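*Asks:* The sequence shown begins at 27 in my numbering and counts up by one. Here a beta-carbon is modelled for each residue, glycine too, at the ideal position from N, C-alpha and C. On a predicted model such as this, the values are computed, not experimentally measured, just so you know. Below is one structure. I have some questions about it.
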Amino acid sequence: RLILGERERADLDRARTHMAEALGRLERLVEEEAALIIDAEERGSEAEEIERIEKLRAKFAELDGVVNSILGFERAGQSAAAVDLFKARIEDGLDDELEAMIDAGIADERAETVRAEAQSRDLAQRLLWWMVSLSAAFVAGVSIAGYWLYNSIARPLGALTGGAQAIARGELDHRIGTTGGSEFEFV
Numbered sequence: 027r028l029i030l031g032e033r034e035r036a037d038l039d040r041a042r043t044h045m046a047e048a049l050g051r052l053e054r055l056v057e058e059e060a061a062l063i064i065d066a067e068e069r070g071s072e073a074e075e076i077e078r079i080e081k082l083r084a085k086f087a088e089l090d091g092v093v094n095s096i097l098g099f100e101r102a103g104q105s106a107a108a109v110d111l112f113k114a115r116i117e118d119g120l121d122d123e124l125e126a127m128i129d130a131g132i133a134d135e136r137a138e139t140v141r142a143e144a145q146s147r148d149l150a151q152r153l154l155w156w157m158v159s160l161s162a163a164f165v166a167g168v169s170i171a172g173y174w175l176y177n178s179i180a181r182p183l184g185a186l187t188g189g190a191q192a193i194a195r196g197e198l199d200h201r202i203g204t205t206g207g208s209e210f211e212f213v
């Protein structure tokens, strides 16, 4: 066979199946990604991506039709017509169109990645700001609580210590003033 032998035909059939499955997986992934997107602009970008996949699927179907025509020419013994059709439709036409579509898809995915990275950096900066702010508020709250706790313990203890020292000096009529209903008042 001039273009495809029996061995290459099996490879062609596997490649066709693989391409159809890959396009189906790609379309499902893009649809799943689109379902997760909240931003209308980004959702529109995903719709463009699905449209591009449909164009790829159409080009693949066109390519498949040309391959079937080439195989028909070969089976009919018209190898020259098969070669001419291959050169005209696949080598000179569809190949460049598919390559351009794939390149555009890659460029769009790269742009989408750049946007996602910028959003991630922005989110990380905001998260850092919030963490620093919350940490500062926590430290301030703990400091205030510590100061209050210190005052609620140190003043009554100081008064008790002063009273004990007065009694130790022999001032048995020394009184310690009470400042509320705490355990220190009881003592």
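Which residues in the same chain have their Cβ closer than 8 angstroms to the Cβ of Met-45, if we skip the five residues on either side of it in sequence?
*Replies:* Closer than 8 angstroms at Cβ, skipping near neighbours: Phe-86.
*Asks:* How about Ala-108 and Ile-116: are their beta carbons less than 7 angstroms apart?
*Replies:* Pairing Ala-108 with Ile-116 gives a Cβ-Cβ distance that is not under 7 angstroms.
*Asks:* Please report the residue range of the alpha helix (DSSP H) in which Leu-160 lies.
*Replies:* 121-194
*Asks:* Indicate whether the contact test is met: 3 or more Cβ pairs, each with one atom in the region 71-88 and one in the region 98-106, closer than 8 angstroms.
*Replies:* no
*Asks:* With 16 as the cutoff for other CB atoms within 10 Å, does Leu-89 come out buried or exposed?
*Replies:* buried
*Asks:* Suppose the cutoff is 7 angstroms on Cβ atoms and the five residues either side in sequence are ignored; what does the same chain contact list for Ile-202 look like?
*Replies:* Excluding residues within five positions, the ones whose Cβ falls inside 7 angstroms are Ala-185, Leu-186 and Gly-189.
*Asks:* Leaving out five residues before and five after Leu-28 in sequence, what residues of the same chain have Cβ atoms less than 8 angstroms from its Cβ?
*Replies:* For Leu-28, the pLDDT reaches just 49, beneath the cut-off of 50, and the residue's location in the model is therefore unreliable, although a value from the coordinates is still provided. For Leu-28, the CB contacts under 8 angstroms within the same chain, skipping 5 residues up- and downstream, are Glu-100, Ser-105, Ala-108 and Val-109 in chain order.
*Asks:* Using alpha carbons as the reference points, say which of Asp-39, Leu-149 and Leu-52 lies closest to Ile-132.
*Replies:* Leu-52
*Asks:* Quick check on the burial criterion: 16 or more other C-beta atoms within 10 angstroms. Buried or exposed for Val-93?
*Replies:* buried
*Asks:* Confirm, please, whether the CB-CB distance from Ala-192 to His-200 is below 7 angstroms.
*Replies:* yes
*Asks:* Can you list, in chain order, the residues of its chain with a C-beta nearer than 8 angstroms to that of Leu-149? Leave out the 5 residues immediately preceding and following it.
*Replies:* none
*Asks:* Where does Ile-79 sit, in a helix, a strand or coil, going by DSSP?
*Replies:* helix
*Asks:* First and last residue of the alpha helix (DSSP H) that includes Leu-198?
*Replies:* Per DSSP, Leu-198 belongs to no alpha helix (DSSP H) and is neither H nor E.
*Asks:* To the nearest angstrom, report how far apart Ile-64 and Ser-159 are at their CA atoms.
*Replies:* If you draw a straight line from the Cα of Ile-64 to the Cα of Ser-159, it comes to about 28 angstroms.
*Asks:* For Phe-112, is the classification buried or exposed, using 16 other Cβ atoms within 10 angstroms of its Cβ as the cut-off for buried?
*Replies:* Buried.
*Asks:* What residue range does the alpha helix (DSSP H) around Asp-110 cover?
*Replies:* 105-111
*Asks:* Report the rounded CA-to-CA distance for Ala-130 versus Glu-123, giving the unit in angstroms.
*Replies:* 11 angstroms
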